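Enquirer: Heads up: the sequence shown begins at 21 in the working numbering, then just goes up one per residue. Have a look at this one.
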Amino acid sequence: MIIIKKIVLPSLVAGIVMVVTNMIVGQIFHGLFPTLILEYNNPSLFRPWSDPIMSLFLLYPFILAIILVIVWEKVDKLISGKTHAEKALRFGTTYWLLTSITGMLISYSTFPVSLLMIFSWSISSLITVIAGVYIIVWMKK
Numbered sequence: 021m022i023i024i025k026k027i028v029l030p031s032l033v034a035g036i037v038m039v040v041t042n043m044i045v046g047q048i049f050h051g052l053f054p055t056l057i058l059e060y061n062n063p064s065l066f067r068p069w070s071d072p073i074m075s076l077f078l079l080y081p082f083i084l085a086i087i088l089v090i091v092w093e094k095v096d097k098l099i100s101g102k103t104h105a106e107k108a109l110r111f112g113t114t115y116w117l118l119t120s121i122t123g124m125l126i127s128y129s130t131f132p133v134s135l136l137m138i139f140s141w142s143i144s145s146l147i148t149v150i151a152g153v154y155i156i157v158w159m160k161k
């Protein structure tokens, strides 16, 4: 029961928030930069959504949320901030700097995607992670 309360529930809620946040941010980017849609629809780069393997894409936020909950348990006392928002911003930004920047550099150097696509992924990741971490921080207090 403790595992459900400490890990499963915050991970589930944070995962849902991250899926929704990512969808909203994605729609904003597609509205601002319609050329991104053309890149996403390029079958030589991405699988079509009808491919069953693409369902794994929706698991990513939930797996990430589990990892973030576990890491938050370890670093909670090390992250300064008076409010949940301050702590979430610091932890989320630190996670993003450690993982996304290097990952996006590798993606840009190895895949034929535009710099705009990399930029949209980077910003989307930052916003999504901070939203998920905020839920985790809020639920863990």
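Glycine included, C-beta positions come from ideal geometry on N, C-alpha and C. Nothing here was measured: the structure is a model prediction, and the numbers come from that model.
Determine the direct distance from the alpha carbon of Gly51 to that of Ile57, and round the result to whole angstroms.
Expert: For Ile57 and Gly51, the distance between alpha carbons rounds to 9 Å.
Enquirer: Is it buried or exposed for Met74, if we count other Cβ within 10 angstroms and need 16 for buried?
Expert: Exposed, since its Cβ has fewer than 16 Cβ neighbours within 10 Å.
Enquirer: Should Ala105 go down as buried or exposed, given a rule of 16 or more other Cβ atoms within 10 Å for buried?
Expert: So Ala105 ends up on the exposed side.
Enquirer: Would you identify the three-state DSSP class for Asn42, choosing helix, strand or coil?
Expert: Three-state result, Asn42: helix.
Enquirer: Quick one: grab the DSSP three-state call for Asp96.
Expert: It is helical.
Enquirer: What do you get for Ser144, buried or exposed, if any count of 16 or more other CB atoms within 10 angstroms of its CB means buried?
Expert: Result: buried.
Enquirer: Where does Arg67 sit, in a helix, a strand or coil, going by DSSP?
Expert: Residue state, collapsed to three classes: coil.
Enquirer: Leaving out five residues on either side along the sequence, give the residues of the same chain with a beta carbon under 7 Å from the beta carbon of Trp158.
Expert: Hits under 7 Å: His104.
Enquirer: Flag this pair as yes or no: are the beta carbons of Phe82 and Gly35 separated by less than 8 Å?
Expert: Contact flag set, yes.
Enquirer: Relative to the alpha-carbon of Ile43, which residue among Ala85, Trp141, Thr114 and Ser127 has its alpha-carbon at the smallest distance?
Expert: Ile is not the amino acid found at residue 43; the sequence shown has Met there. Nearest C-alpha to Met43: Trp141.
Enquirer: Who are the near neighbours of Ile24 in its chain, counting only those whose CB is closer than 8 Å to its CB and skipping five residues on each side?
Expert: Here the set comprises nothing.
Enquirer: Please classify Phe49: does DSSP put it in a helix, a strand, or coil?
Expert: In this structure, Phe49 counts as helix in the three-state DSSP scheme.
Enquirer: Do Lys160 and Trp92 come within 8 Å of each other at the CB atom, strictly closer than that value?
Expert: Yes. Within cutoff.
Enquirer: Since Met137 is in the alpha helix (DSSP H), which residue starts that stretch and which ends it?
Expert: Where Met137 is concerned, the enclosing alpha helix (DSSP H) stretches over Leu135 to Lys160.
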